[in-house]
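Structure representation (structure tokens):
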């Protein structure tokens, strides 16, 4: 996948500008609501493709409670999918609960991988002082 | 003329070999001990009073030791290793019941980098849960498993537990299923990594230089107060543990010993070297009373472990069969019971003890010995007070206490303490 496990995102650039953040936030919230994953009891980070090594490592680093809840949400969602039905409205994930619980771990793993790649290919030059 | 020239040359040689002895200074709360004898490599150690005797939960000290050189806020564990490789340095850590030590050995001009790496352990290790699980606990477990696979090491661990119960009795190696959480480690490190608990040792680096680097990198270290050891009491007792590997009994092992509360005396070192079965010349038998009269395929070895406020002294007997160990144990018990040191043996043992103490002090880790083991110097300072009678008295005093007895192996055939006649 392009852009690593989290894909390509222009969000960091939008966040830099006050104007664009203000303009696009309502649209982003509307989009997340309409996408429908919250109606199946999922959080956004549950949708990240996990069939790759770095995401697997990030998932393994979740605290036990969070790892359990993640699996629970995914099972509920697959059940919803089988029934072709959304959850009752009171069980939808609220926007305030839809936090990026996995992203920080993925970013950490990506940083580690990049650092390893750097050290594996580093070119050493002699310091002039020695 | 030739004679005077040689004399001049030898004086010169003497002058250049004049040693700089280590001095202790107190730099912003850290004790710094450094000596520069002109070596081409430098070694710096951070000795933290965080050994297993201080741990609130068994295995914490072992985990803390393995958290050395891991992710810090300045650089990652991988970065530390790769950079150290580029500088050509060696990073290592070790532990005892009293101290956890982080050491860096490196070429002379690289002290700036390595002192920073060592300082970062104290000030900015990140202590993350995933690192504990991914790269600390597996090593702790492997080391602990390896240690438990050796019946002699295992016997000595058990002997400590019986002799001192808490404090020094805590296991050096993490026991299996110790359930250590990252919160435990963080708290333990916070208490241990204070100014008062850290001694910094340097060899091949001058005192001023080391002090300056320490002030520079450790200015943010907290004051936490000295970790005070609880007073050690000797209890003694008997324990028997089945030990087998791959269905085979490894060497059957018994430990017969005594704990001595209080600062270890020089007489103990002499007694230890009197009984030492390591011959001074390879492939010969030593003159130790423990070396004679043992059945074949058995061995007896005195063990002396000295701590700041107690010592554990005893004999490890190992053999292929439990019967052989029983016989050998009886011989050892007889030796311990009727211990009297002849004047000639006493002189030999004193010389041997002095030599091994001195040669240890000469080694790289010697400063540590000098800094943390004052009893070593007693061997040299109080020679006239040491007599064969005082060693004999020590031996008879030992026997008044309840012995510590550990049997590791086939517990149904290994002897009990009363069968040995002690």
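Residue numbers (full-length UniProt numbering), protein chains in the order written: chain A, 1 to 130; chain B, 1 to 422. From the three backbone atoms N, C-alpha and C, an ideal C-beta is built for every residue, glycine too.
Neighbour-count burial assignment, residue 73 (chain B), 16 or more Cβ in a 10 Å radius: Taking all protein chains in view, the Cβ of residue 73 (chain B) is surrounded by fewer than 16 other Cβ atoms within 10 Å, so the residue is classified as exposed.
Using beta-carbon positions only, say whether residue 391 (chain B) and residue 346 (chain B) come within less than 8 Å of one another. yes
Please look up how many angstroms separate the CB atoms of residue 255 (chain B) and residue 156 (chain B), rounded, as I've assumed it's under 8 Å. 7 Å
Give the secondary structure of residue 224 (chain B) by DSSP, where H, G and I count as helix, E and B as strand, and everything else as coil. Of the three classes helix, strand and coil, the one that applies to residue 224 (chain B) here is coil, per DSSP.
Write down the C-beta distance between residue 163 (chain B) and residue 235 (chain B) rounded to the nearest angstrom, noting that I regard them as a contact closer than 8 Å. 6 Å
Beta carbon of residue 6 (chain A) nearer than 8 Å to that of residue 103 (chain A): Yes, the pair counts as a contact, with Cβ atoms nearer than the cut-off.
Can you give me, in chain order, the residues of the region 85-102 of chain B that have a beta carbon less than 7 Å from any beta carbon in chain A? 86
Residues of chain A with a CB under 8 Å from the CB of residue 79 (chain B): which are they? Listed by position along chain A, the residues whose Cβ is nearer than 8 Å to that of residue 79 (chain B) are 115 and 119.
Going by the beta-carbon positions, is the gap between residue 191 (chain B) and residue 227 (chain B) smaller than 8 Å? Yes.
What residues from the region 52-64 of chain A come within 8 Å of chain B, judged by C-beta to C-beta, listed N to C? From the region 52-64 of chain A, only 60, 61 and 63 have a Cβ closer than 8 Å to chain B.
Name, in chain order, the residues that DSSP records as bridge partners for residue 307 (chain B). Bridge partners of residue 307 (chain B) according to DSSP: B:310.
Check whether the region 53-72 of chain B and the region 24-44 of chain B touch, using three or more Cβ-Cβ pairs below 8 Å as the test. no
Let's see if you can read the secondary structure: which residues bound the beta strand (DSSP E) around residue 41 (chain B)? DSSP places residue 41 (chain B) in the uninterrupted beta strand (DSSP E) bounded by 41-48.
Can a CB atom of chain A be found closer than 8 Å to the CB of residue 76 (chain B)? yes
Counting only beta-carbon separations shorter than 8 Å, does residue 129 (chain B) have a partner in chain A? For residue 129 (chain B), a Cβ of chain A is located within less than 8 Å of the residue's own Cβ.
Nearest neighbour of residue 148 (chain B), chosen from B:395, B:396, B:173 and B:413 [CA to CA]: B:173
Would residue 352 (chain B) be called buried (16 or more neighbouring beta carbons within 10 Å of its own) or exposed? buried
In its own chain, which residues sit with a C-beta less than 6 Å from the C-beta of residue 425 (chain B), not counting the 5 before and 5 after it? Outside the shown range of chain B, which is 1 to 422, sits residue 425 (chain B), and nothing can be said about it.
When burial is assigned at 16 or more other CB atoms within 10 Å of the CB, is residue 175 (chain B) buried or exposed? Per the 10 Å Cβ criterion, exposed.
By Cβ distance, which residues of its chain are closer than 6 Å to residue 69 (chain B), with the 5 residues on each side in sequence left out? 80 and 91
Of the residues B:179, B:224 and B:317, the one placed nearest residue 140 (chain B), counting alpha carbons only: B:179
With 16 as the cutoff for other CB atoms within 10 Å, does residue 12 (chain A) come out buried or exposed? exposed
Between the alpha carbons of residue 389 (chain B) and residue 49 (chain B), how many angstroms are there, rounded? 36 Å
Give the residues of chain B in contact with residue 124 (chain A), contact being defined as C-beta atoms less than 9 Å apart. 86
Look up residue 81 (chain A) in the DSSP assignment and say whether it is helix, strand or coil. helix
Alpha carbon to alpha carbon, how far is residue 48 (chain A) from residue 182 (chain B)? Each residue's Cα considered, the two are about 28 Å apart.
Rounded separation between residue 66 (chain B) and residue 395 (chain B) - CA only: Rounded to the nearest angstrom, the two C-alpha atoms are 39 Å apart.
Among residues of its own chain, excluding the 5 on either side of residue 5 (chain B), which ones have a beta-carbon nearer than 7 Å to its beta-carbon? In this predicted model, residue 5 (chain B) has a pLDDT of only 45, less than 50, meaning its place in the structure is not dependable enough to derive any value.
I need the boundaries of the beta strand (DSSP E) containing residue 238 (chain B), first residue and last residue. 237-242
The region 319-339 of chain B contacting the region 405-421 of chain B, beta-carbon criterion three pairs below 8 Å: yes
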